[in-house]
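Since the structure comes first, as structure tokens, the remarks are kept for the end.
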Amino acid sequence: MELKVSDHSGSAPAIAGGCSASGCGSSGDALAHLPEHIRAKVHNHPCYSEEAHHHYARMHVAVAPACNIQCHYCNRKYDCANESRPGVVSEVLTPDQAVKKVIAVAAHIPQMTVLGIAGPGDPLANPARTLETFRQLTEKAPDIKLCVSTNGLALPDCVDALCTHNIDHVTITINCVDPDVGAKIYPWIFWQGRRIKGRKGVAILIEQQQKGLEMLVARGVLVKVNSVLIPGVNDEHLKEVSRVVKSKGAFLHNVMPLIAEPEHGTFFGVMGQRGPTHDELQTLQDACAGDMNMMRHCRQCRADAVGMLGEDRGHEFTLEKIETMDIDYGRAMEERRQVHAAIEANREAQRKKSGETFISITALKARRRETPPALIAVATKGGGVINQHFGHAAEFLIYEANDQDVRFIGHRKVDLYCSGGETCGDAQTALAKTIQALSGCVAVLCSKIGYEPWGALEAAGIAPNGEHAMEPIEDAVAAVYRELAASGSLERATPAPLRMRA
Amino acid sequence: MAYQIVEGCVNCWACAPLCPRQAIYEAKPHFLIHSVLCTECAGEHPDPQCASICPIEGVILDSLGVPLNPPGSLTGIPPERLAAARAEIQAR
Numbered sequence: 034m035e036l037k038v039s040d041h042s043g044s045a046p047a048i049a050g051g052c053s054a055s056g057c058g059s060s061g062d063a064l065a066h067l068p069e070h071i072r073a074k075v076h077n078h079p080c081y082s083e084e085a086h087h088h089y090a091r092m093h094v095a096v097a098p099a100c101n102i103q104c105h106y107c108n109r110k111y112d113c114a115n116e117s118r119p120g121v122v123s124e125v126l127t128p129d130q131a132v133k134k135v136i137a138v139a140a141h142i143p144q145m146t147v148l149g150i151a152g153p154g155d156p157l158a159n160p161a162r163t164l165e166t167f168r169q170l171t172e173k174a175p176d177i178k179l180c181v182s183t184n185g186l187a188l189p190d191c192v193d194a195l196c197t198h199n200i201d202h203v204t205i206t207i208n209c210v211d212p213d214v215g216a217k218i219y220p221w222i223f224w225q226g227r228r229i230k231g232r233k234g235v236a237i238l239i240e241q242q243q244k245g246l247e248m249l250v251a252r253g254v255l256v257k258v259n260s261v262l263i264p265g266v267n268d269e270h271l272k273e274v275s276r277v278v279k280s281k282g283a284f285l286h287n288v289m290p291l292i293a294e295p296e297h298g299t300f301f302g303v304m305g306q307r308g309p310t311h312d313e314l315q316t317l318q319d320a321c322a323g324d325m326n327m328m329r330h331c332r333q334c335r336a337d338a339v340g341m342l343g344e345d346r347g348h349e350f351t352l353e354k355i356e357t358m359d360i361d362y363g364r365a366m367e368e369r370r371q372v373h374a375a376i377e378a379n380r381e382a383q384r385k386k387s388g389e390t391f392i393s394i395t396a397l398k399a400r401r402r403e404t405p406p407a408l409i410a411v412a413t414k415g416g417g418v419i420n421q422h423f424g425h426a427a428e429f430l431i432y433e434a435n436d437q438d439v440r441f442i443g444h445r446k447v448d449l450y451c452s453g454g455e456t457c458g459d460a461q462t463a464l465a466k467t468i469q470a471l472s473g474c475v476a477v478l479c480s481k482i483g484y485e486p487w488g489a490l491e492a493a494g495i496a497p498n499g500e501h502a503m504e505p506i507e508d509a510v511a512a513v514y515r516e517l518a519a520s521g522s523l524e525r526a527t528p529a530p531l532r533m534r535a
Numbered sequence: 011m012a013y014q015i016v017e018g019c020v021n022c023w024a025c026a027p028l029c030p031r032q033a034i035y036e037a038k039p040h041f042l043i044h045s046v047l048c049t050e051c052a053g054e055h056p057d058p059q060c061a062s063i064c065p066i067e068g069v070i071l072d073s074l075g076v077p078l079n080p081p082g083s084l085t086g087i088p089p090e091r092l093a094a095a096r097a098e099i100q101a102r
């Protein structure tokens, strides 16, 4: 079978791709305790299942430009080809154009299982455009899962229509359940023909969000809640948000770091509101995890992103390019079915492999009980193994190893949207920035590494390691943790926390 | 008596479906208001609908050329603060 897949090279299986930890095996599937029918729904959904995101791709179509609220982390003027964050797009599509694009992507990237509408405004503030896109796709591409992401203000009015179009995944962004907190995040909403500012508007927004959540849950729709972590504004409060949304039946909580830079032109960016450090984000996610399934693999995609999480192949599917593509979707669907079967076979093989990993980690637990946990960074380009050159990594996966376990806790990008260097007078070199992004890690595992970065990493207290090339990630992380623990180097103080960036 | 949309409009479509007179139409480089059809929502809504949902300051003007949403009124960013931030970015 010819697979039309992304540009993998090397010996990784052709069906692997994008972000690619072998995943969650050693710690157990984070969704394992959920009822079978829910697990079946998210099994191949990259945005809902951490394990699935190593194998399947998603796309967003930007059909929804209008919005009915203003958030302090959003600038409605932003339209940029080089930036990757929510609310940013290159072109807005009509429903017909969007459907054509989805069909083209589904045929060319058969791992794409999910189509989401997420903006660049609020999908439900554009109900006609959003629902028409869903209506056509339900008919023309029945093998694609349809999702929508909303601020929730118009949600109660749209629940029935969404259910008609077979949408069974909805994400609501809920940053607060207290209007006093919300008044620092939302300056206004548009409600029943009027712009309502301040606390009064936020109270309506919160009421609508909670009502929409309850209505969806009552209809059996899976609801994920997204929250933006804004230090000093809603950080402590998000624990309460997590408790409330869980009690109402949301099944996954995704706490994302605020992205705010002056050049984004957002209120938070211009006013100097900082984003959280990696530590702050992880601490809050861990605090909420007692009550709720937490999602840690979100890449905060653009509203027109295409491909595996963490990659964007949107430039391959511009309106001009899809115009020239002639697609027989019946044939494409058969090919997609075969690719999905191959992916499932590969996942099954990985599950067996992670079972073996678990044994080795158990052995590790028995050997050393008193070593502190440590963060270890990994460079990988697919297949769940360590197979990327240090200098080629655009992001590193971060694992936390302790005496008992190895768990995936997140990713750190190193291809910052503004690369600095010569172009904007920033004196830091790319290497220095990468090392800064790895702050807090005790080691970085990669397939190969050059002499210069080797020395710089060592100087920064991060042990470079190229000895585990092509080995399964968790096994290698466990082995390196054990070596470092044995050598006593885990007793060292960790460097200062690093502020997260887009 | 009619409003107008000027440069700076980001073509977000929010206003067009709200207009009780269907006076707002898609155009290049940005949406426009038909000056004969626009009634400024008089007698139909307490607040002009286009200006109540528009997210961009200064792009909808009244018949005297005064912005319905002046600088700082929607984002909450004081204009002088925005100017300072822009100057700082320019100077990098």
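Residue numbers (the numbering used here), protein chains in the order written: chain A, 34 to 535; chain B, 11 to 102.
A virtual CB, placed ideally from N, CA and C, is assigned to each residue, including glycine.
Selection from the options that minimises the alpha carbon distance to residue i
i, options, result
"A/L262", "A/Q242, A/K281, A/M289 and A/G282", "A/M289"
"A/T310", "A/Q469, A/R346 and A/R370", "A/Q469"
"A/P212", "A/W221, A/P406 and A/D312", "A/W221"
"A/H425", "A/A434, A/Y432 and A/L464", "A/L464"
"A/S182", "A/V274, A/V192 and A/P175", "A/V192"
"A/R332", "A/G417, A/P68, A/I292 and A/E349", "A/I292"
"A/L195", "A/L517, A/P264, A/L170 and A/M327", "A/L170"
"B/A33", "B/P56, B/C48 and B/A101", "B/C48"
"A/L271", "A/A236, A/P175 and A/M325", "A/M325"
"A/V203", "A/I218, A/L179 and A/V214", "A/L179"
"A/S82", "A/V235, A/M327 and A/H297", "A/M327"
"B/K38", "B/C19, B/G86, B/A95 and B/P30", "B/C19"
Classification of residue i by the beta-carbon crowding that lies within 10 angstroms, buried from 16 upward
i, result
"A/N199", "exposed"
"A/A399", "With a pLDDT of 47 at A/A399, under the threshold of 50, the modelled position of this residue cannot be trusted; read the value that follows with caution. So A/A399 counts as exposed."
"A/V339", "buried"
"A/K537", "In this structure chain A extends from 34 to 535, so residue 537 of chain A is not present and cannot be described."
"A/M503", "exposed"
"B/A52", "exposed"
"A/L164", "buried"
"A/D155", "buried"
"A/D361", "exposed"
"B/A97", "exposed"
"A/M34", "Residue confidence is low: A/M34 scores 40 on pLDDT, short of 50, so the model does not pin down where it sits. No coordinate-derived value is stated."
"A/V308", "Before going on, a small fix: residue 308 of chain A reads as Gly here, not Val. Classification of A/G308: buried, given that the 10 Å Cβ count is 16 or more."
"B/P80", "exposed"
"A/E269", "exposed"
"B/L92", "buried"
Beta-carbon proximity check, residue i vs residue j, cutoff 9 Å
i, j, result
"A/M358", "A/H93", "no"
"A/Y89", "A/T299", "no"
"B/H40", "B/A12", "no"
"A/N108", "A/L186", "no"
"B/I70", "B/C25", "yes"
"A/F284", "A/I431", "no"
"A/I442", "A/V510", "no"
"A/V254", "A/I207", "no"
"A/L523", "A/A407", "yes"
"A/H286", "A/K244", "no"
"B/S62", "B/L28", "yes"
"A/C209", "A/V274", "yes"
"A/L490", "A/F429", "no"
"A/G494", "A/I482", "no"
"A/V447", "A/A427", "yes"
"A/P189", "A/Q241", "yes"
"A/A174", "A/A97", "no"
"A/D345", "A/P153", "no"
"A/P79", "A/V147", "yes"
Residue range of the alpha helix (DSSP H) that includes residue i
i, result
"A/C196", "L188 to T197"
"A/G215", "P212 to G215"
"A/A496", "Taken as a continuous stretch (DSSP letters only), A/A496 belongs to no alpha helix (DSSP H), being part of the beta strand (DSSP E) at A496 to N498."
"B/S62", "Q59 to I63"
"A/Y484", "Y484 to A492"
Contact set between residue i and chain C, taken where Cβ atoms lie within less than 8 Å
i, result
"B/P65", "Protein chains in the displayed structure are A and B, and chain C is not among them."
Extent of the continuous beta strand (DSSP E) run through residue i
i, result
"A/S520", "From DSSP, A/S520 is part of no beta strand (DSSP E) but of the alpha helix (DSSP H) over I506 to S520."
"A/R332", "Here A/R332 belongs to no beta strand (DSSP E), and DSSP marks it neither H nor E."
At a CB distance below 8 Å, what residues from the stretch 72–101 of chain B approach chain A? Give them in sequence order. L84, T85, G86, I87, R91, L92, A95, E98 and I99
Name the residues in the stretch 73–103 of chain A whose C-beta lies less than 8 Å from a C-beta of chain B; which are they? P98, A99, C100, N101 and Q103
Within 9 Å of chain A by C-beta, residues of the stretch 12–33 of chain B in sequence order: G18, V20, N21, C22, W23, A24, C25, A26, P27 and L28
Interface positions of the stretch 36–49 of chain B facing chain A (Cβ-Cβ less than 8 Å), listed along the chain: none
Residues from the stretch 161–172 of chain A in contact with chain B, defined by Cβ distance under 9 Å: A161 and R162
What residues in the stretch 193–225 of chain A have a beta carbon less than 8 Å from any beta carbon of chain B? P220, W221 and F223
Closer than 7 Å, Cβ to Cβ, to anything on chain B: give me those residues from the stretch 265–280 of chain A, in chain order. none
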